[in-house]
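J.: If you scroll down you'll find the structure; I have some questions about it.
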Amino acid sequence: MNIVVCIKQVPDSTEVRIDPETNTLIREGVASIINPFDMYAIEEAIRLKERFGGKTTVITMGPPQADDALREALSMGIDEAVHLSDRAFAGSDTWATSLILSRAVKKIAQFDLLVCGKQASDGDTAQVGPGIAAHLNLPQATYVRRIDTVHLDTSPKIMVVERLVEEGYEILELQLPALITVVKEINEPRLPSLRGKMKARKEQIPVWTHKDLNLEEDKIGLNGSPTQVVKIFTPPAKQGGKILQGEPKDIVEELYKEIKDFL
Amino acid sequence: MLNYGFTEEQLMIKDLARKVSEEKIKPKSKEWDEKEEFPAEAIKALAQSDLFALCIPEAYGGMGGGLIELCIATEEVSRIDGGVAASYAASFLGMFPILLFGTEEQKKKYLPQIASGKSLTAFAITEPEAGSDASAVATTAKKDGPSYVINGLKHFITNGGDADIYTIIAATAKNKGPRGLSGFIVEKGDKGFDFGKKEEKLGIRASSTRELIFQDCKIPQDRLLGAREGLGFIATMKTFDQSRPGVASQAVGIAQGALELAVAYAHQRVQFGQKISSFQGIQWMLADMSTKVEAARSLVYSVARAVDRGDKDIAAASAQAKLFASDVAMEVTTQAVQIFGGYGYMKDYPVEKHMRDAKITQIYEGTNQIQKGIIALHLVREYGK
Chain X
71 MNIVVCIKQV PDSTEVRIDP ETNTLIREGV ASIINPFDMY AIEEAIRLKE
121 RFGGKTTVIT MGPPQADDAL REALSMGIDE AVHLSDRAFA GSDTWATSLI
171 LSRAVKKIAQ FDLLVCGKQA SDGDTAQVGP GIAAHLNLPQ ATYVRRIDTV
221 HLDTSPKIMV VERLVEEGYE ILELQLPALI TVVKEINEPR LPSLRGKMKA
271 RKEQIPVWTH KDLNLEEDKI GLNGSPTQVV KIFTPPAKQG GKILQGEPKD
321 IVEELYKEIK DFL
Chain S
3 MLNYGFTEEQ LMIKDLARKV SEEKIKPKSK EWDEKEEFPA EAIKALAQSD
53 LFALCIPEAY GGMGGGLIEL CIATEEVSRI DGGVAASYAA SFLGMFPILL
103 FGTEEQKKKY LPQIASGKSL TAFAITEPEA GSDASAVATT AKKDGPSYVI
153 NGLKHFITNG GDADIYTIIA ATAKNKGPRG LSGFIVEKGD KGFDFGKKEE
203 KLGIRASSTR ELIFQDCKIP QDRLLGAREG LGFIATMKTF DQSRPGVASQ
253 AVGIAQGALE LAVAYAHQRV QFGQKISSFQ GIQWMLADMS TKVEAARSLV
303 YSVARAVDRG DKDIAAASAQ AKLFASDVAM EVTTQAVQIF GGYGYMKDYP
353 VEKHMRDAKI TQIYEGTNQI QKGIIALHLV REYGK
């Protein structure tokens, strides 16, 4: 089973502080990490490979320092890495980013499954995973919490997954190749091993630009992005609730009064 | 912290050991301490990260490297939890006799499973009447055809009951004193080999400490360490030469952890309208603590390097590292509790645990008084002529 994992390097949000004056994130001096949700995607890919064999590949689009994120994935047990890095990619929105990633996946050609984290901890859009599936015209299941069964000897190959929905979960059968995005309930990511770290340090990671992917410059980066960020703000904190206590009769009266006053 | 000229690989080990400690050990440290529970998850995480493969040659499934790598990892684990570190380091204590004195067959059989972390090990010499006086071992091993029959009791054995492989010391010739002691490899599940009570301890409570009971425990003769009788005492002494810098690195880690907690606390605790870190009385305490920790660390890594270079006569230096670092750990952790004041005495904060964990480093693998004996003996031999 050949699996491709798409990951993103993000600022470590546990270290990010907010500037009280401007209400923006203070990014200076903050370490970069693999998006926490992508760690579950990496772990699930490694587990599937351990069960069914095959090859795992990790892809990221990002500046040169995103190389660290790829090497961390390799040190956990991913087999190969590809780095998509090009000034022309800068400023890409979720549409352009998913287009770029989908072209890279196409170039890798041989795959049964694409795995992404459910969303990135910085942008929180949860759009890139589904976007890749759309560009490649693949079946997709988002918010997967469990992979039930995998049939690789059927034609087409089939996978049954459970995906989280608001009030419970759905069971979906997917024809492979397909894309899934995963939630944190799916597994517990492993730490790297020393052997993995030693191997990852020596690995040659290819860097692909828009030319390698046959992408025109007006389809990518700021120019290729149909959406723009207009404003970033911190949502107002939710006010604490009120607990009414006492006899039901009194509570009802008080509740009635509260509602009346509010209206 | 000074740059100790660690190689890129050694820094990698340090980072990895810190990551495992912060992510897999720290969240459960308090619970293991309170319940005196064996930290199986921590041991598994250390194994998955290949940290049990340190010090073991690649030919036997290890990562190669030497004592310095083990000290680096032990210091990092101890910085978070001295109890988990005790269990981790004690496994190497059981491994060293096999590595140093085992036959090729014994190394091939046992070292790979130890390196992979599949089997935890323990070392057993201590008995109720044989503590500092290691030569007073009363456990016997009698030759019986192609087997040995072991009878006796070992106590205070770290990893006892949780380890799979035990390197034990027993008398094969009682009339020969220390030269009549031999090493044996006993496996969990061997007939006649059982475990006694689990000890309740002041500190390092995540590590398990139990009695080992041998009642006509019959093992094949190929379990005799190094296939030679009489190696027991020398194997023990050489093992301790290797392991004492490990205990010293445990002490440094426990002290470092307490120091960091004390600095962080002093920098947020406000009294008399200002942070207590702004008071010179506190500043001088912290400065002294960090200076002592750094001095201990310097000694530990110098000795570890000497061992790895294969220097002869390392017994005294090894004893000095253990003596000094463990005394520093006791002093620094006590001062750290002092800086926390009343809060430091409460179990709500992790600092008192460091103080409880530090105490054992002055006692085990030879009390500090025994270390002084070793150092004095060396002095007399060297300069007493």
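Chains X and S supply the protein sequences, listed in that same order.
In this text, residue positions in the first sequence follow the working numbering: the first is 71, and each later residue adds one.
In this text, residue positions in the second sequence follow the working numbering: the first is 3, and each later residue adds one.
Every residue gets a Cβ at the ideal spot worked out from N, C-alpha and C, and that includes glycine.
Compute the Euclidean distance between the alpha carbons of Gly-179/S and Thr-241/S, then round it to the nearest angstrom.
T.: So the alpha carbons of these two residues sit roughly 19 Å apart.
J.: Can you find a C-beta in chain S that's less than 9 Å from the C-beta of Met-268/X?
T.: Answer yes: the Cβ-Cβ gap between Met-268/X and chain S drops below 9 Å somewhere.
J.: Do we get a CB-CB distance below 9 Å when we pair Asp-52/S with the residues of chain X?
T.: Taking Cβ atoms only, chain X reaches closer than 9 Å to Asp-52/S, which makes this a yes.
J.: Note down the Cα distance separating Ala-257/S from Trp-278/X, rounded to an integer number of angstroms.
T.: Rounded to whole angstroms, Ala-257/S to Trp-278/X spans 48 Å at the Cα level.
J.: Flag this pair as yes or no: are the beta carbons of Thr-251/X and Val-152/X separated by less than 9 Å?
T.: No. Outside cutoff.
J.: For chain S, check one thing: does any of its Cβ atoms lie closer than 9 Å to the Cβ of Leu-261/X?
T.: Closer than 9 Å: yes.
J.: Taking Thr-18/S as part of the alpha helix (DSSP H), name the residues at either end of that continuous run.
T.: Per the sequence presented here, residue 18/S reads as Leu, with Thr not at that position. That run of the alpha helix (DSSP H) goes 10 to 22.
J.: Rounded C-beta distance between Gly-205/S and Gly-84/S? I'm assuming under 8 Å.
T.: Going by Cβ atoms, the distance from Gly-205/S to Gly-84/S rounds to 7 Å, so yes, they are a contact pair.
J.: At the 9 Å Cβ level, is Leu-144/X part of the contact set with chain S, yes or no?
T.: False, the Cβ-Cβ gap to chain S never drops below 9 Å.
J.: Going by beta carbon distance, what residues of the same chain come within less than 6 Å of Leu-306/S, once the five residues before and after it are set aside?
T.: Residue identity differs from the one stated: residue 306/S is Ala in this sequence, not Leu. Here the set comprises Leu-69, Ile-70, Cys-73, Pro-247.
J.: Ala-19/S and Lys-30/S: beta carbons closer than 9 Å?
T.: Not closer than 9 Å, so no.
J.: For the stretch 281 to 292 of chain S against the stretch 352 to 370 of chain S, do three or more pairs of beta-carbon atoms, one drawn from each stretch, fall closer than 8 Å, so that the two count as touching?
T.: Verdict: no, contact absent.
J.: Are Ala-175/S and Ile-152/S closer than 9 Å when you measure CB to CB?
T.: Contact flag unset, no.
J.: Please list the partners that Ile-1/S has in chain X, where partner means a Cβ-to-Cβ separation under 8 Å.
T.: For chain S, the structure presents residues 3 to 387; residue 1/S sits outside this window and is missing.
J.: Going along the chain, which residues of its own chain have a beta-carbon closer than 8 Å to the beta-carbon of Val-270/S, five neighbours each way excluded?
T.: In the sequence under discussion, the amino acid at residue 270/S is Gln, which differs from the Val named in the question. The residues are Lys-277.
J.: Does Arg-87/X come within less than 9 Å of chain S when only Cβ atoms are used?
T.: So, not an interface residue.
J.: Show which residues of chain X have a CB atom less than 9 Å away from the CB atom of Met-14/S.
T.: The contacting residues are Leu-264, Lys-267, Met-268, Arg-271.
J.: Would Lys-324/S be called buried (16 or more neighbouring beta carbons within 10 Å of its own) or exposed?
T.: Its Cβ being crowded by 16 or more others within 10 Å, Lys-324/S is buried.
J.: Which word fits Thr-293/S, buried or exposed, when buried means at least 16 other C-beta atoms lie within 10 angstroms of its C-beta?
T.: Its Cβ having fewer than 16 others within 10 Å, Thr-293/S is exposed.
J.: Cα separation between Pro-222/S and Phe-98/S?
T.: For Pro-222/S and Phe-98/S, the distance between alpha carbons rounds to 21 Å.
J.: What residues from chain X crowd round Val-22/S, counting only those whose CB sits closer than 8 Å?
T.: Per Cβ cutoff of 8 Å: Leu-261.
J.: At a Cβ cut of 8 Å, what residues of the stretch 16 to 45 of chain S count as close to chain X, listed as they run along the chain?
T.: Listed in sequence order: Leu-18, Lys-21, Val-22, Glu-25, Lys-26.
J.: Lys-362/S and Lys-203/S: beta carbons closer than 9 Å?
T.: Here residue 362/S turns out to be Ile, not Lys, going by the sequence shown. Against a cut-off of 9 Å, the Cβ pair of Lys-203/S and Ile-362/S comes out as a contact.
J.: Can you tell which of Gln-244/S, Glu-296/S, Gln-340/S has its C-alpha closest to the C-alpha of Gly-312/S?
T.: Out of Gln-244/S, Glu-296/S, Gln-340/S, Gln-244/S has the C-alpha closest to the C-alpha of Gly-312/S.
J.: Using the beta-carbon of each residue, which ones in chain X are nearer than 9 Å to Ala-47/S?
T.: Those are Arg-260, Leu-261, listed as they occur along chain X.
J.: Reducing DSSP to helix, strand and coil, say where Ile-104/X ends up.
T.: It is a strand residue.
J.: As an exercise, report each continuous beta strand (DSSP E) stretch of at least 3 residues that is fully enclosed by the stretch 246 to 307 of chain S, in chain order.
T.: Within the stretch 246 to 307 of chain S, no complete beta strand (DSSP E) run reaches 3 residues.
J.: For Lys-78/X, is the classification buried or exposed, using 16 other Cβ atoms within 10 angstroms of its Cβ as the cut-off for buried?
T.: Buried, since its Cβ has 16 or more Cβ neighbours within 10 Å.
J.: Pick out the complete beta strand (DSSP E) segments inside the stretch 119 to 199 of chain S, 3 residues or longer, and give them in chain order.
T.: For the stretch 119 to 199 of chain S, whole beta strand (DSSP E) runs of length 3 or above, ordered along the chain, are 123 to 126, 142 to 146, 149 to 160, 167 to 173, 183 to 189.
J.: Assuming Ala-248/X contacts Leu-183/X (C-beta within less than 8 Å), just tell me the rounded distance between them.
T.: 6 Å between Cβ atoms; contact.
J.: Does the Cβ of Met-332/S have 16 or more other Cβ atoms within 10 Å, making it buried, or fewer, making it exposed?
T.: Buried.
J.: Alpha carbon to alpha carbon, how far is Gly-344/S from Glu-36/S?
T.: Near 20 Å, if we compare the C-alpha coordinates of Glu-36/S and Gly-344/S.
J.: Comparing C-alpha positions only, which one of Leu-379/S, Ala-298/S, Ile-365/S, Asp-290/S sits nearest to Ile-341/S?
T.: Nearest of Leu-379/S, Ala-298/S, Ile-365/S, Asp-290/S to Ile-341/S, Cα basis: Asp-290/S.
J.: How many Å lie between Gly-123/X and Val-22/S at the Cα?
T.: Approximately 27 Å, taken between the alpha carbons.
J.: Measure the Cβ-Cβ separation of Glu-236/X and Val-214/X and say whether it is below 9 Å.
T.: No, the Cβ-Cβ distance between Glu-236/X and Val-214/X is not below 9 Å.
J.: Using 9 Å as the threshold, is the C-beta distance between Ala-308/S and Ala-319/S below it?
T.: Contact flag set, yes.
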